[in-house]
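What follows is a short report on a single structure.
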Amino acid sequence: MEYITPDLCDEYPEVQVLEPIFNNFGGRSSFGGEVVTVKCFEDNSVVKEQVAQPGKGKVMVVDGGGSMRAALLGDMLAEKAVANGWEGLVIFGCIRDVDAIMELDLGVQALNTHPRKTDKRGLGDLNVDVTFAGVTIKPGMFVYADNNGVILSEKELSMPE
6 MEYITPDLCD
16 EYPEVQVLEP
26 IFNNFGGRSS
36 FGGEVVTVKC
46 FEDNSVVKEQ
56 VAQPGKGKVM
66 VVDGGGSMRA
76 ALLGDMLAEK
86 AVANGWEGLV
96 IFGCIRDVDA
106 IMELDLGVQA
116 LNTHPRKTDK
126 RGLGDLNVDV
136 TFAGVTIKPG
146 MFVYADNNGV
156 ILSEKELSMP
166 E
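My numbering puts the last residue of the sequence shown at 166; the count rises by one with no breaks.
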């Protein structure tokens, strides 16, 4: 489904809007779904575990602490996310393998790119509240993203007629 965040904001004024710090890197220009959160810092072990799980109707929101020193998502994990039906990822951190990720049927919003992968130390938390970009995001909320920005809702939204 295609989401247009300005139309969603007009129809649902109660939504929260994340600060405009993200760039759209995925092959999908818009995406949305139920939030699954991951909190990690320069270690994408939990992201790797989660993309291997079924993700239909879900968006992984990754609080990477805003690190600009390593990428939390690359082409192999993005391909696994597509294979398992994930709608997309919103990453408060960096990604790599951007050219390959742009070709995938996956929404990806992140701060920037970085060529270095993370260390895998098995660190990170799943489905905890995360706070960045001026909002607190809780598991089970709904997130929607397009080239205009990223919005957050307590309930599932539908595009206005």
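Note that the Cβ used here is the ideal one computed from N, Cα and C, for glycine as well. All values derive from a computational prediction rather than experimental measurement.
A contact between stretches requires three or more CB pairs, one per stretch, nearer than 8 angstroms, and the region 112-122 meets this requirement with the region 9-29. In the structure shown, alanine 86 falls within a helical segment according to DSSP collapsed to helix, strand and coil. No Cβ-Cβ contact shorter than 9 angstroms links phenylalanine 97 with glycine 79. Inter-segment contact for the region 85-94 and the region 122-141 is absent: fewer than three beta-carbon pairs are separated by less than 8 angstroms. The residue from Phe137, Thr136 and Ile100 with its alpha-carbon nearest to that of histidine 119 is Ile100.
Only residues of its own chain outside the window of five on either side were considered, and among them Thr10, Leu13, Cys14, Val20, Gln21, Val22, Leu23, Val148, Tyr149 and Ala150 have a CB closer than 8 angstroms to the CB of isoleucine 156, listed in chain order.
In this model, proline 144 and glutamate 39 are separated by some 8 angstroms (Cα to Cα). Nearest to valine 41 by alpha-carbon distance, out of Ala75, Asp104, Val51 and Leu162, is Val51. Where isoleucine 142 is concerned, the enclosing beta strand (DSSP E) starts and stops at 140-142. Within the region 40-99, the complete beta strand (DSSP E) segments of 3 residues or longer fall at 63-68 and 76-78, listed in chain order. In the DSSP assignment, leucine 116 falls within the unbroken beta strand (DSSP E) covering 112-118. Closest in alpha carbon position to arginine 33, among Lys125, Ala138, Ala83 and Val140, is Ala83.
Just measuring C-alpha positions, the residue of Lys63, Ser35 and Asp104 sitting nearest valine 43 is Lys63. Note that the C-beta distance between leucine 94 and cysteine 45 is not below 9 angstroms.
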